[in-house]
Every structure is written in structure tokens, then in C-alpha cells.
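Okay, so here's the structure we're looking at.
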Amino acid sequence: IAQGLGQVTALLEKRQLLKAGRLIFSLSQRFPDNAAAREGLQVYRDHRAEFVGNAVRSALAFSANRLFEDARRILHKAKEECPDALEIHDALHQIDVDELVSGRLAESRTLLDNQKFDLAIALLEEVQQVHVLLADAGSASWESRRQARAEFEQAVRLSASLAEDVLRWLVE
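By the count of my numbering, the sequence shown reaches residue 766 at its end, each step adding exactly one.
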């Protein structure tokens, strides 16, 4: 048991969580009553949770700065070690939504600048629908929902700006 736990510790230090998980689960199944094996399993779970949480937070920070490919790269690398981590899958989905929303908001701004108000409004409505669907699906984590809310609020501010631009245009 001690040798196996040493290997688990070494694997965790190298961030090889998939191998460490297989080994600690094997030890836990072979020695279910062993306190050291149970403790090793808890240490593994703590490392895994920290690893996944750090990866998701880092990826969402990159996504917030519109570095979507870097965000995906972080999550895909984390997924190699923790393929069953739902938080990683949720974050990948959130990054796809973030990229779509970011693109649509940029398109809306361009349309506003070109006084194509109907098209800008249609794009902003699409942004709103994406966020409604995301909330209804219930698949996003708390952090993802917070990010989605911030993007939605930005869309609302852009809509208000659009209304002001339309009024100014009509008055001129």
C-alpha cells in the first residue's frame, strides 16, 4: 500500500491525474478498510477538484478577454487528465457561447455604425435568445451563468445605445 500511495503522490505532483486516479481507485478497491488508502483517495479527489477548478477559472479568464482558442486549449489539456469532469464540459460549452455572443455584439456595433438598425436589433435579439436558451438548459455552472448574465447586460446596454442612435437619426 505504501509503495502504491507513493506512486500516486508522484503522479499527482506531475499532474498526471488520470494515472493517479486509476491507481488510487485500484488500491481503494483492493484495500477498502485501509485508512491510508481512504486518505489517499481523499487527497486525490482534492487535487483533482483543485486542478479542474483552476483550469476552468483560467479558461474563463481567457474567454473573458476574447482569447477563445487559448481557453479551449487549456480545457482540452485538462480534459485529457479528467475526461469525466462535467465542469470542463460546461466551460467548453460556455466558451462556445461566449465566442458567439462576442461575434454578434461586434457585428451589431458595426451595423449601428452603418445605421443598419433593423439588422443590429435582430442580432441583439439573437444574443438574448442564446442566453435564454443557456439558462433554460441548466447546463452552465454558476460561474458560466454569471458570465452569461454579464454578456446579456452588455447586450441590453447596447440596445439602449441603439435606441438613442435611432432617435438621434430620426431627429436629424
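Positions of the beta carbon are idealized from the N, C-alpha and C atoms, including for glycine.
CA-to-CA distance, residue j to residue i, given in whole angstroms
i	j	result
L621	Q722	50 Å
D712	E681	38 Å
E644	D678	15 Å
K608	T704	47 Å
K673	I689	15 Å
A649	A655	10 Å
N628	L599	12 Å
Q636	R651	22 Å
V724	K710	22 Å
A658	E701	18 Å
Closest Cα partner of residue i within the set the options
i	options	result
Q597	D627, G634 and L612	G634
R616	N628, I668, Q601 and D627	Q601
Q623	T603, I595 and I689	I595
I618	L718, E719 and A631	A631
H641	L699, L612, L706 and V695	L612
S696	L717, Q709 and A614	L717
V691	A714, R660 and L706	R660
Secondary structure of residue i, DSSP reduced to three states
i	result
E627	Residue identity check: residue 627 is Asp in the sequence provided, not Glu. It is coil, neither helix nor strand.
K671	helix
D678	coil
N648	helix
R609	coil
L661	coil
Q636	helix
Same chain, Cβ closer than 6 Å to residue i, neighbours up to 5 away in sequence not counted
i	result
A653	A665, I668, L669 and A685
E693	F662
N708	none
Neighbourhood of residue i by C-beta distance below 8 Å, restricted to the same chain and skipping five residues each side
i	result
V646	A672, C676, A679, E681 and I682
L606	A614, V637, Y638 and H641
E720	R698
Q610	E675
Close beta carbons around residue i, own chain, < 7 Å, minus the five adjacent residues each side
i	result
A714	S702, L705, L706 and L756
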